[in-house]
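Shown next, in structure tokens, is the structure this report addresses.
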Amino acid sequence: MKINKYIASAEAYSSPGWPDNIEDIIRLGMNEGDFISPHVIEYIKSLSIDLIARHYPPGEVPQLIETIKQVHDMGENVEVLLYPGSDNGIDNLIRTFSEPGDTIIMRLPEYGNTVLFAQTHGLNIQYIEVDPINNLSVDTLLQAYYKYHPAIIYFSNPHNPSGQFIPPSELNRLAEEAQDSLIIIDEAYIHFADITFTGALPLVEKYPNIAVTRTFSKLFGLAGLRIGFTTVNKTIAHHLRILQRIKDLTFISQMAALKSLEHIEEYRQAARDIMESRAYVENSLRELGFHVIGPSYGNFVLFKPTIDPKVLYERLHERGYITRFYTDSRMAKYMRVSIWKKTIMEGFIRTLKEVL
Ligand SMILES: Cc1ncc(COP(=O)(O)O)c(C=O)c1O
Numbered sequence: 002m003k004i005n006k007y008i009a010s011a012e013a014y015s016s017p018g019w020p021d022n023i024e025d026i027i028r029l030g031m032n033e034g035d036f037i038s039p040h041v042i043e044y045i046k047s048l049s050i051d052l053i054a055r056h057y058p059p060g061e062v063p064q065l066i067e068t069i070k071q072v073h074d075m076g077e078n079v080e081v082l083l084y085p086g087s088d089n090g091i092d093n094l095i096r097t098f099s100e101p102g103d104t105i106i107m108r109l110p111e112y113g114n115t116v117l118f119a120q121t122h123g124l125n126i127q128y129i130e131v132d133p134i135n136n137l138s139v140d141t142l143l144q145a146y147y148k149y150h151p152a153i154i155y156f157s158n159p160h161n162p163s164g165q166f167i168p169p170s171e172l173n174r175l176a177e178e179a180q181d182s183l184i185i186i187d188e189a190y191i192h193f194a195d196i197t198f199t200g201a202l203p204l205v206e207k208y209p210n211i212a213v214t215r216t217f218s219k220l221f222g223l224a225g226l227r228i229g230f231t232t233v234n235k236t237i238a239h240h241l242r243i244l245q246r247i248k249d250l251t252f253i254s255q256m257a258a259l260k261s262l263e264h265i266e267e268y269r270q271a272a273r274d275i276m277e278s279r280a281y282v283e284n285s286l287r288e289l290g291f292h293v294i295g296p297s298y299g300n301f302v303l304f305k306p307t308i309d310p311k312v313l314y315e316r317l318h319e320r321g322y323i324t325r326f327y328t329d330s331r332m333a334k335y336m337r338v339s340i341w342k343k344t345i346m347e348g349f350i351r352t353l354k355e356v357l
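Everything in the sequence shown is counted per this note's numbering, starting at 2 for the first residue and increasing by one.
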């Protein structure tokens with residue numbers, strides 16, 4: 002029996018699972034959102050079991066695509082494709098715009114699932130190693146572009162796990178020069194960096210080599226429903242339709258996303274609240290003598306605690322808080338904590354002081 006060599010050499014994504022007392026635990030390890038509009042909750046509860054479960058989903062819901070375009074003020078040249086989570090959108094971009102043996106450029110460290118998608122598609126991954134203390138620059142990306150001639154350049158912006166951000170105004174130059182690559186800008190956390198939620202979307206209008214991915218898992222608090230979207234220039238969108246698997250797009254997830262966008266101002270306020278809470282956490286961690294990688298532009302903060310992160314993780318876990326520590330040697334001194342509303346984070350900081 003044959004096994005695909007790229008699959009054989011890869012390591013599966015391991016989900017942290019759910020503890021038995023999930024509802025009593027404060028999960029600050031996966032950057033999930035902590036707010037869902039009451040309007041969205043009410044709407045989800047009102048859906049019939051036939052619509053949620055018995056029927057096959059309808060494919061892409063056109064009102065959701067229209068609303069995404071309106072909310073983000075997208076022009077005629079842009080196409081939106083929906084996916085069950087932005088992970089699926091990123092995987093589809095990689096598979097569609099590269100072949101095994103081609104090169105992809107990525108920052109190290111970077112969001113782990115994208116690494117897995119690239120590996121299992123047989124790509125040659127060229128990492129740009131940037132210590133989390135330093136930001137990734139467009140110059141560094143361009144140097145790598147001229148050196149490796151990649152089919153794809155990928156980066157999360159804001160960056161997971163450092164929270165650093167390349168201002169979209171600087172990305173014009175990358176789009177202009179790196180014409181032979183598809184540039185995937187993963188904007189899972191853009192809402193916590195740019196309150197207009199615009200990010201790099203205007204670049205998509207102008208450049209066929211730019212793709213922007215977004216998710217409803219973070220600000221919109223819908224991680225469990227699995228819904229995200231990719232925006233690309235109209236000229237390349239039809240290629241992505243081949244692997245899109247629209248049967249996996251559920252009705253409930255699309256309608257929850259649609260209802261969320263209909264109450265966008267509530268989410269803009271939620272994003273402001275997270276930004277304020279994030280500043281409080283960054284200051285509190287600094288006061289404890291921790292080295293904070295900041296300012297963070299995501300709904301999380303990366304820091305170097307004064308004690309071993311694994312030990313700190315265990316102590317916090319015993320007290321009901323899950324955080325994120327790293328086994329990779331480059332990141333072993335760091336810990337990441339998701340940012341929820343201020344009252345929750347005040348409890349977290351209090352507990353942190355107690356267990357140090
Ligand atoms: C940078 C980044 N991109 C994408 C995702 C995945 O988003 P989704 O839940 O839409 O698949 C995550 C989740 O943590 C992430 O950190």
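A virtual CB, placed ideally from N, CA and C, is assigned to each residue, including glycine.
At what residues does the beta strand (DSSP E) containing residue i begin and finish?
i      : result
Asn125 : Asn125 to Glu130
Phe304 : Phe301 to Lys305
Tyr84  : Val79 to Tyr84
Leu52  : That residue, Leu52, is in no beta strand (DSSP E); it is neither H nor E in DSSP.
Leu29  : Note, Leu29: premise wrong, no beta strand (DSSP E); not H, not E.
Val293 : His292 to Ile294
Met107 : Thr104 to Leu109
Asp187 : Leu183 to Asp187
Which residue wins for smallest C-alpha separation from residue i, given the options the options?
i      : options                          : result
Thr104 : Asn22, Asn125 and Pro85          : Asn125
Thr216 : Ile237, Asn210 and Phe193        : Phe193
Gln270 : Leu220, Ile308 and Pro169        : Leu220
His239 : Thr251, Ser182 and Asn93         : Asn93
Gly86  : Gly123, Glu67, Asp132 and Glu33  : Glu33
Ser358 : Val213, Asp195 and Glu61         : No answer is possible for residue 358: it lies beyond the span of the chain, which begins at 2 and ends at 357.
Leu241 : Leu183, Gly225 and Met75         : Leu183
Met31  : Phe326, Lys46, Lys342 and Lys354 : Phe326
Glu111 : Glu130, Glu77 and Leu82          : Glu130
Thr197 : Pro59, Ile265 and Ala9           : Ile265
Ala54  : Thr251, Glu288 and Tyr314        : Thr251
Gly113 : Gly321, Glu288 and Pro162        : Pro162
Lys235 : Pro168, Asn78, Glu67 and Asp25   : Asn78
Tyr147 : Ile8, Phe291 and Ile106          : Ile106
Ile247 : Leu52, Leu29, Tyr57 and Ser49    : Tyr57
Leu353 : Glu315, Asp51 and Arg331         : Glu315
Met332 : Trp19, Leu82, Leu29 and Pro133   : Pro133
Ile345 : Pro63, Thr199, Asp274 and Gly18  : Asp274
Glu277 : Gly299, Ile95 and Gly321         : Gly299
Leu202 : Ala224, Ser218, Val233 and Pro20 : Val233
Gln245 : Lys311, Tyr84, Arg227 and Gly348 : Tyr84
Gly321 : Tyr7, Asn22 and Asn5             : Asn22
Ala189 : Lys3, Gln180, Arg227 and Gly60   : Arg227
Asp249 : Glu61, Asp329 and Lys46          : Glu61
Gly123 : Arg96, Asp25, Gln144 and Ile243  : Arg96
Leu52  : Ile323, Gln165 and Ser254        : Ser254
Lys343 : Lys3, Ile26, Lys6 and Asp35      : Asp35
Gly225 : Val293, Ser47, Ile8 and Trp19    : Trp19
Gly102 : His150, Leu143, Lys70 and Ile66  : His150
Pro168 : Gly200, Ile185 and Ala152        : Gly200
Which stretch, first to last residue, makes up the alpha helix (DSSP H) that contains residue i?
i      : result
Ser285 : Ile265 to Glu288
Ile45  : Pro39 to Ser47
Asp88  : Ser87 to Thr97
Met346 : Lys343 to Val356
Leu250 : Unbroken run through Leu250: none, as it is neither H nor E.
Ile8   : Lys6 to Ala9
Asn69  : Strictly speaking, residue 69 in this sequence is Ile, with Asn absent from that position. First-last of the alpha helix (DSSP H) with Ile69: Pro63 to Val72.
Ala194 : Premise fails: Ala194 is in no alpha helix (DSSP H) and is neither H nor E.
Glu24  : It is not in any alpha helix (DSSP H) - Glu24 carries neither H nor E in the DSSP assignment.
Given 8 Å as the limit, is there contact between the stretch 329-343 and the stretch 137-144, that is, 3 or more CB pairs closer than that? no
Is the stretch 158-176 touching the stretch 204-212 in the sense that three or more CB pairs, one from each, lie closer than 8 Å? yes
Which residues have their C-beta within less than 6 Å of a heavy atom of ligand 1, listed in chain order? Asn32, Gly86, Ser87, Asp88, Tyr112, Ser157, Asn161, Asp187, Ala189, Thr216, Ser218, Ala224 and Gly229
Stretch-stretch touch, CB-based, cutoff 8 Å, three pairs: the stretch 27-45 with the stretch 255-263: yes
Identify every run of the beta strand (DSSP E) within the stretch 136-166, keeping only runs that are complete inside it and at least 3 residues long; order them along the chain. 153-157
Alpha helix (DSSP H) runs contained entirely in the stretch 197-247, provided each spans 4 or more residues: 202-207 and 235-241
If we require 4 or more residues per run, which alpha helix (DSSP H) segments fall completely within the stretch 308-339? 310-319
With three or more beta-carbon pairs closer than 8 Å as the criterion, would you say the stretch 6-23 touches the stretch 112-129? yes
Do the stretch 71-82 and the stretch 268-286 make contact, defined as three or more Cβ pairs closer than 8 Å? no
Meets three-Cβ-pair contact criterion under 8 Å: the stretch 281-288 and the stretch 302-309: yes
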